[in-house]
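In the working numbering, the protein residues as written are 200 to 521.
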C-alpha cells in the first residue's frame, strides 16, 4: 500500500475541536499524521506522531532551507510555505510515497476511498486548497513550487502579506500551467463563510469540478469515519459523501463525545444523531434562515474590507522599505 503522511503545524493551545479532529485521523489508520506543535496533547491516536517544537525553532528550520532572507513572522504565515514542506520536512518524510498538509478545522472522511491506489499512480498532486493537499514525494515534484511560472515563491516568502501560495492562485496554478498530473475535483465539503447555516462554498468551484450543489434543506453528518450530507429536495431524500468537511472561521460547540460513531455537523454544533435523518433534524440543527444569511454576508463584507485595507498598508510599507 502507498505510504502517505500528512503534516500538521500548530502553535499555541490546540483548538477545542482537536479531539474530534484526532478521532477522524485515528479512523484513517493507514495514513500517518505528523504533528509539529508547542502544545502537549495527550491520548493521541497511534497514527498521529508528535514532534514537539517551538515556533522559533521552526522559523530557524524554514529559514535554513533558503539562500535569501524570508519572512515568517506569525504561525499563520506558514500557509505560504506549505508547498515547500516536502523539502522543509524531508527527514521526517523519508520513506513516504506521498506527503500532504492540512488544517485542523475539519473532519476527515474515508481518505483512502478517494486516494485510491489507481489515482495515486496517476496524479502528482491532489486538491487545490490548503485545508488538504497531497503531493508525490519525489525531489522533482517537491521542487515544483520553485518553477518560474505563475506566482513567484521568492515574493510569497518575503512579503509580510499572506500570499495564499498554498492554494488555487499559487501552487495549484503552477501545476496547471506546467501540465502536471493534478487531481482537482470537488470531493470535499468546504463550508462557506457567507452563510449562517452550513452550506458549501462556490469559491474555486468551476463547471468542471462542481459535484455538490446546495439544497434548501440539508445537513452534514459523520458516520463511522465517513462524512455525508442528507438533503430533502422535491419530496425526495438525497445523500452524498465527502472526503472531508472543512469548517472555516466559525466556532461549533461540541455536544457529543469525540469518539462517537455518528453525529450531525450543523450550524448549532456537533450534535447527537440517532437513526435516519429527518426534516425535523435539519430544522433543528441547520435551518436555512435568509435574514441570518444576509446579516452574515454583510459581516463578511466588513471583514473583507478590513483585510484589503490591511493588505494595502502592508504593500505601501514594503515599498517604502525597499
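From the three backbone atoms N, C-alpha and C, an ideal C-beta is built for every residue, glycine too.
- Residue ranges of uninterrupted beta strand (DSSP E) with 3 or more members, entirely inside the segment 440-474 and ordered along the chain, are 443-445, 461-465 and 468-471.
- DSSP places residue 274 in the helix class (H, G or I) of the three-state scheme.
- The beta strand (DSSP E) runs lying completely inside the segment 229-258 and spanning 3 residues or more are 230-236 and 247-251, given in chain order.
- Residue state for residue 481 is assigned as helix, using DSSP reduced to three classes.
- Cβ neighbours of residue 471 within its own chain (closer than 8 Å, five residues either side excluded): 454, 455, 459, 462 and 463.
- Within the segment 348-388, the complete alpha helix (DSSP H) segments at least 4 residues long are 352-357 and 370-377, listed from N- to C-terminus.
- Contact between residue 203 and residue 297 is confirmed by a C-beta separation of about 5 Å, below the 8 Å threshold.
- Excluding its 5 nearest sequence neighbours in each direction, residue 452 has C-beta neighbours in its own chain below 6 Å: 468, listed in chain order.
- For residue 334, the enclosing beta strand (DSSP E) stretches over residues 331-335.
- Under DSSP, residue 416 takes part in a beta bridge, and its partners are 431.
- Closest in alpha carbon position to residue 215, among 286, 251, 282 and 303, is 303.
- Residue 380 has its alpha-carbon roughly 7 Å from the corresponding atom of residue 321.
- Contact annotation, residue 439 with residue 425: C-beta distance approximately 11 Å; criterion of less than 8 Å not satisfied.
- Scanning 450, 414 and 484 for the CA closest to the CA of residue 435 turns up 414.
- From the listed residues 360, 489, 310 and 315, the smallest Cα separation to residue 269 is found for 360.
- In this structure, the straight-line span from the alpha carbon of residue 466 to that of residue 375 is close to 35 Å.
- With respect to the C-alpha of residue 422, the residue from 208, 211, 294 and 222 having the closest C-alpha is 222.
- Taking C-beta atoms under 8 Å as the contact rule, residue 237 and residue 217 fail to qualify, at a distance of about 14 Å.
- For residue 211, the secondary structure class from DSSP, reduced to helix, strand or coil, is coil.
- Counting only the Cα atoms, residue 280 lies some 12 Å from residue 273.
- The straight-line gap separating the alpha-carbon atoms of residue 287 and residue 260 is approximately 7 Å.
- When secondary structure is reduced to three states using DSSP, residue 283 falls in the helix class.
- With contacts defined as CB atoms closer than 8 Å, residue 386 and residue 328 fail to qualify as a contacting pair.
- The beta carbon of residue 228 is closer than 7 Å to those of 246 in its chain, skipping five residues each way along the sequence.
- Going by DSSP, residue 397 is part of no alpha helix (DSSP H) at all; its letter is neither H nor E.
- By the neighbour-count criterion, in which a residue is buried when 16 or more other Cβ atoms sit within 10 angstroms of its Cβ, residue 419 is buried.
- For residue 448, same chain residues with a beta-carbon under 7 Å away, outside a window of 5 residues either side, are 392 in chain order.
- Around the beta carbon of residue 284, 16 or more other beta carbons sit within 10 angstroms, so the residue counts as buried.
- Residue 311 sits in a helix when the DSSP states are folded into three classes.
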